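The sequence shown lines up with residues 1 to 318 when you count with the UniProt record's numbering. Glycine included, C-beta positions come from ideal geometry on N, C-alpha and C. No experiment lies behind these values; they were computed from the predicted model shown. Here is the structure we will look at.
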Amino acid sequence: MTTKNKLDLRGLVPAPITPFTRDGAVDHAAIRRLGSWLGSFAGVKGLVVLGHAGEGTFLDDAEQTAVIESFVASVDGRIPVIAGITREGTQVAAAEAKRAVAAGATAGLLYPSHGWLRFGYQKGAPQDRYRAIYEESGLPLILFQYPDATKATYNLETQLDIAKQPGVFAMKNGVRNMRRWDTEIPVVRREVPDLQILTCHDEYLLHTMFDVDGALVGYGNIAPELLIALIEAGKAQDYRGARALHDRLLPVTKAVYHRGSHMEGTVALKHALVTRGILEHATIRSPLLPLPEGADVEIAEAMRSAGLVSEAPAAIAA
Numbered sequence: 001m002t003t004k005n006k007l008d009l010r011g012l013v014p015a016p017i018t019p020f021t022r023d024g025a026v027d028h029a030a031i032r033r034l035g036s037w038l039g040s041f042a043g044v045k046g047l048v049v050l051g052h053a054g055e056g057t058f059l060d061d062a063e064q065t066a067v068i069e070s071f072v073a074s075v076d077g078r079i080p081v082i083a084g085i086t087r088e089g090t091q092v093a094a095a096e097a098k099r100a101v102a103a104g105a106t107a108g109l110l111y112p113s114h115g116w117l118r119f120g121y122q123k124g125a126p127q128d129r130y131r132a133i134y135e136e137s138g139l140p141l142i143l144f145q146y147p148d149a150t151k152a153t154y155n156l157e158t159q160l161d162i163a164k165q166p167g168v169f170a171m172k173n174g175v176r177n178m179r180r181w182d183t184e185i186p187v188v189r190r191e192v193p194d195l196q197i198l199t200c201h202d203e204y205l206l207h208t209m210f211d212v213d214g215a216l217v218g219y220g221n222i223a224p225e226l227l228i229a230l231i232e233a234g235k236a237q238d239y240r241g242a243r244a245l246h247d248r249l250l251p252v253t254k255a256v257y258h259r260g261s262h263m264e265g266t267v268a269l270k271h272a273l274v275t276r277g278i279l280e281h282a283t284i285r286s287p288l289l290p291l292p293e294g295a296d297v298e299i300a301e302a303m304r305s306a307g308l309v310s311e312a313p314a315a316i317a318a
């Protein structure tokens, strides 16, 4: 069996938020509650922690390690926990990956070096980053395709080179350019048929759902049952069913993701989890800021309109 086939993420892979206490410390009790709840859904195939939704780059090394450990404990071996690997330099990212392995992570979602967002990358540099980090840590890696609007997006040649490397078993694609999506995904499918392709287009799920093995999305925090159904409809090529789910979720999508900055979605996800009874409050870390007054009410109303109401009262006390 090849590395690409060892982890099965063909379904929903939520990217959990990181809960904080009201005074700003990592809330490990809330992590265990959130992870246990998400892991209880049959269609959830793994959790990707310490990503953008998880405010991973806002945590120090010890906090990152502890967050991974708490999520690992929360799922009790039922599903894998995958760690975001975000450090900019390859050497420090490799050390981050090794810490993730020691904390119990099964795989890593490797971010581009963030200097590339503004300045672009040298030809071959992304391939070298994936090779070096896998060789140093032994951590299986997910290729992360950034939006087309950034200079850290990988052209098709680079995507294929990375996807064919040892240790790379899946792609999280968030290119957010449907022309590129429609032309590049079929080529990746043909050239690397055992690569698992996961959409991360939280705000474009309907368009991308018919071409993928699953979804790796922050959205999975708040609507796992509906996203699992949407993935199943996409795999069945059931457009009518998928469209109905999309339309049911659209008020939530607008309240959470149709905002001035995609980063505001992290704050909105926490408010939505309050509505579901999983979190008590929506505390965040700087440089995130609270949403405008009334946004929490808007989000709660959208969640209720989609039938995503509070869990049983015991959920908060669990």
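Beta-ladder partner(s) of residue i, from DSSP
| i | result |
| --- | --- |
| lysine 164 | Paired residue(s): none; lysine 164 is not in a bridge. |
| threonine 199 | Asn173 and Ala215 |
| glutamine 145 | Asn173 |
| phenylalanine 20 | Val26 |
Extent of the continuous beta strand (DSSP E) to which residue i belongs
| i | result |
| --- | --- |
| proline 14 | 12 to 14 |
| alanine 215 | 214 to 217 |
| serine 107 | In the sequence as presented, serine is not what sits at residue 107; that position holds alanine. Its beta strand (DSSP E) spans residues 107 to 110. |
Enclosing alpha helix (DSSP H) for residue i [first to last residue]
| i | result |
| --- | --- |
| isoleucine 82 | From DSSP, isoleucine 82 is part of no alpha helix (DSSP H) but of the beta strand (DSSP E) over 81 to 85. |
| phenylalanine 71 | 61 to 75 |
| isoleucine 133 | 125 to 137 |
| glutamine 91 | 90 to 103 |
| valine 44 | Segment: none, valine 44 is in no alpha helix (DSSP H) and carries neither H nor E. |
| phenylalanine 58 | Taken as a continuous stretch (DSSP letters only), phenylalanine 58 belongs to no alpha helix (DSSP H), as it is neither H nor E. |
| tyrosine 121 | It is not in any alpha helix (DSSP H) - tyrosine 121 carries neither H nor E in the DSSP assignment. |
Nearest-angstrom beta carbon gap, residue j and residue i [assumed within contact, 8 Å]
| i | j | result |
| --- | --- | --- |
| isoleucine 68 | alanine 100 | 6 Å |
| leucine 245 | alanine 233 | 6 Å |
| threonine 275 | methionine 303 | 4 Å |
| leucine 273 | asparagine 221 | 6 Å |
| aspartate 211 | arginine 10 | So it is not a contact: roughly 13 Å between Cβ atoms. |
| valine 175 | threonine 158 | With 8 Å as the limit, valine 175 and threonine 158 do not qualify as a contact, their Cβ atoms being about 12 Å apart. |
| asparagine 173 | glutamine 127 | The Cβ separation is near 17 Å, so there is no contact. |
Proximity of residue i and residue j at Cβ, strictly below 8 Å
| i | j | result |
| --- | --- | --- |
| leucine 269 | alanine 53 | yes |
| arginine 118 | lysine 151 | yes |
| methionine 209 | valine 188 | no |
| proline 14 | valine 44 | yes |
| leucine 205 | threonine 199 | yes |
| valine 82 | threonine 65 | Valine is not the amino acid found at residue 82; the sequence shown has isoleucine there. No, the pair does not count as a contact, with Cβ atoms beyond the cut-off. |
| leucine 139 | valine 168 | no |
Local Cβ density within 10 Å of residue i, reported as buried at 16 or more and exposed below that
| i | result |
| --- | --- |
| proline 313 | Any answer about proline 313 is weak, because its pLDDT of 42 lies below 50 and its placement is not dependable; what the coordinates show is given next. So proline 313 counts as exposed. |
| glycine 84 | buried |
| threonine 183 | exposed |
| alanine 242 | buried |
| glutamine 91 | exposed |
| glycine 260 | exposed |
| aspartate 60 | exposed |
| valine 297 | exposed |
| arginine 33 | buried |
| glutamine 237 | exposed |
| histidine 201 | buried |
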